[in-house]
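Report on the following structure.
In full-length UniProt numbering, the protein residues as written are 1 to 338.
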């Protein structure tokens, strides 16, 4: 987990550390071709010239980075992220570490943030969320030798430590529960389809629906916001073969779906049963209260922070399977009207 230093650049460029210093600080003493080569190597390994003093001293930043590639407005309404961050803070604060947060629009921007943070010695490691298939962030983290823990999905993280839960098992439990109540037309409003945990949930939803003989397993993609949750719910409810139950990939969309059902004059749970993923106070504040897939989100965040601090300290860390979400039945689910 060694940070890149001036010596690393000098070794790769085949020059002295003094020549590297000249090049990074824009001073005379090296040719233009050598300067360009040194700057290219510095960028490649994640070294930033402005952090030379910290690099030479070897001091830690005592901070951990979290970059979120989500719409910024989600953070103000998404209880899951607030619970996760509270878990990070509880563990990091106890070890006198700060949490540095930045919201970006694309995975490419996220990679650039990692390079900048690591090169400028702003952080000692990162917590990565929303693992994707063929995720472009993983090889960069390995190239930079940046300590990291990945949350979400049990797919290929390229050797980066992962903490994940059995999302497939949780959604299978929810579908079987609804079928036991008598539902045969079950739909789902998912999160962003490019996220690995969304794909795991979709695959498990399709499989359990097929194994139970439910016919087409309809999933409408959304983005975790109330607006998209409302639109997806309307699309499902105005169709000719309206579902009698809908599973939502987060609580915000489930609350929005409840409002749409009531707006359309449908009774919940009489005409429509609703299940929310990731239980939160929102699920208990609405009427009827929402049946939810519950887990200790704050504990999940604390566990991730502990593993990352171990990695920063040079301890051996490995993949961890966290608690699987379990079903908490409430007033929004019941047998369908005949």
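C-beta atoms are modelled at their ideal positions from N, C-alpha and C, and glycine is treated no differently.
3 or more residues per run - each beta strand (DSSP E) lying fully within the region 123-192 | 125-128, 148-151, 161-164, 186-190
Residue 63 - DSSP class collapsed to helix/strand/coil | strand
Could you say which of 9, 110, 11, 129 lies nearest to residue 300 if we only look at CA atoms?
-> 129
Which residue comes first and which comes last in the beta strand (DSSP E) that contains residue 292?
-> 291-294
Cβ-based neighbour list, residue 182, same chain, cut-off 6 angstroms, excluding 5 preceding and 5 following | 335, 336
In three-state terms, what does DSSP make of residue 107?
-> helix
Tell me the start and end of each unbroken beta strand (DSSP E) in the region 225-260 that is at least 3 residues and wholly inside, in chain order.
-> 245-248
Where residue 86 falls, given that 16 or more other Cβ within 10 Å makes a residue buried | exposed
Residue of 13, 63, 273, 119 minimising C-alpha distance to residue 180 = 273
Between residue 13 and residue 38, which are expected to be in contact by the criterion C-beta below 8 angstroms, what is the C-beta distance as a whole number of angstroms?
-> 5 angstroms
Neighbourhood of residue 84 by C-beta distance below 6 angstroms, restricted to the same chain and skipping five residues each side | 297, 301
Is the region 278-295 touching the region 196-212, taking contact as three or more C-beta pairs under 8 angstroms?
-> no
Every unbroken alpha helix (DSSP H) inside the region 75-108 [4 residues or more] | 79-94
Sort out for me which residues DSSP pairs residue 13 with in a bridge.
-> DSSP, once it has assigned bridges, lists no residue as partnering residue 13.
Does the beta-carbon of residue 256 have 16 or more other beta-carbons within 10 angstroms, so that it is buried, or is it exposed?
-> buried
Shortest alpha-carbon distance to residue 339 belongs to which of 135, 82, 66?
-> No answer is possible for residue 339: it lies beyond the span of the chain, which begins at 1 and ends at 338.
Determine the contact status of residue 189 and residue 222, defining contact as a CB-CB distance below 7 angstroms.
-> yes
Cβ-based burial, residue 33 [other Cβ within 10 Å; buried from 16] = exposed
Anyone know if the C-beta pair for residue 160 and residue 175 falls short of 7 angstroms?
-> no
For residue 3, three-class secondary structure by DSSP | coil
So does the region 63-74 actually touch the region 121-140, counting three or more Cβ pairs closer than 8 angstroms?
-> yes
Helix, strand or coil for residue 326, going by three-state DSSP, please let me know.
-> strand
Apart from the five residues just before and just after residue 57, which ones in its own chain have a Cβ nearer than 7 angstroms to its Cβ?
-> Its pLDDT being 46, under 50, residue 57 is placed unreliably by the model, and the measurement read from it follows with that caveat. For residue 57, where only same-chain residues beyond five positions count, there are no Cβ hits under 7 angstroms.
Decide yes or no for the touch test of the region 247-266 against the region 71-82: beta carbon pairs closer than 8 angstroms, at least 3 of them.
-> yes
Chain-order list of residues whose beta-carbon lies under 6 angstroms from that of residue 172 (same chain, five-residue window excluded) = 204, 208
Going by DSSP, which residues form a beta bridge with residue 334?
-> Beta-bridge pairing links residue 334 to no other residue.
Would you mind working out which of 236, 320, 287, 312 sits nearest residue 303, comparing C-alpha positions?
-> 320
Identified DSSP bridge partners for residue 288 | None; residue 288 has no bridge partner.
Could you please give the first and the last residue of the uninterrupted alpha helix (DSSP H) stretch that includes residue 42?
-> 32-45
Could you check what DSSP says for residue 276 in three-state terms: helix, strand or coil?
-> strand
Kindly indicate the opening and closing residues of the beta strand (DSSP E) around residue 220.
-> 218-221
Assumed close pair residue 19, residue 29 - CB separation to whole angstroms, cut-off 8 angstroms | 7 angstroms
Is it true that the CB of residue 238 sits closer than 7 angstroms to the CB of residue 275?
-> no
Where does residue 285 land, buried or exposed, given buried means 16+ other C-beta within 10 angstroms?
-> exposed
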